[in-house]
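The structure under discussion appears below in the form of structure tokens.
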Amino acid sequence: MQTFHLHEAKARLSKLIEAVQSGEEIVISRYGKPVAKLVGLGGLGTRELGFYPIAFTSDLLDPTSNDVLESFYGSE
Numbered sequence: 051m052q053t054f055h056l057h058e059a060k061a062r063l064s065k066l067i068e069a070v071q072s073g074e075e076i077v078i079s080r081y082g083k084p085v086a087k088l089v090g091l092g093g094l095g096t097r098e099l100g101f102y103p104i105a106f107t108s109d110l111l112d113p114t115s116n117d118v119l120e121s122f123y124g125s126e
């Protein structure tokens, strides 16, 4: 694990990102104390599109009751 001072890290950010992508971990320090660590995200492959099964407790075609409508829109 390499350590870079903040100013140096800002100047070399592109190179540090390349190093992180190849699996390295980089520590950034400020005033001699570590404050951040750059690590690769890894494992961000493609996600499979899918749908979560939902069970409805009521029929969606039934009209909404007036109580629910009034609580949502307010009483007129």
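The opening residue of the sequence shown carries number 51 in our numbering; numbering runs sequentially from there. Glycine included, each C-beta is placed from N, C-alpha and C at the ideal position. If you're wondering where the values come from, they're calculated on a predicted model, not measured in any experiment.
Which first and last residues belong to the alpha helix (DSSP H) in which ALA69 is found? As a working mapping, residue 69 is identified with position 19 in the sequence shown. Run containing ALA69: 63-71, per the alpha helix (DSSP H) assignment.
Do the CB positions of ILE76 and VAL85 come within less than 8 Å of each other? One-based indexing of the sequence shown puts residue 76 at position 26. One-based indexing of the sequence shown puts residue 85 at position 35. Contact: no.
Endpoints, the alpha helix (DSSP H) within which VAL118 is located: Looking up residue 118 in the sequence shown gives position 68. Here the alpha helix (DSSP H) through VAL118 covers 116-123.
Could you give the residue range of the beta strand (DSSP E) that holds ILE76? Taking the sequence shown and counting its residues from 1, the one referred to as residue 76 is at position 26. Note, ILE76: beta strand (DSSP E), 76-80.
Please report the Cβ distance between LEU88 and LEU66, rounded to the nearest whole angstrom; I am assuming they are in contact, meaning their Cβ atoms lie under 8 Å. If you number the sequence shown from 1, residue 88 lands on position 38. If you number the sequence shown from 1, residue 66 lands on position 16. Yes, they are in contact, since the Cβ atoms of LEU88 and LEU66 sit about 6 Å apart, within 8 Å.
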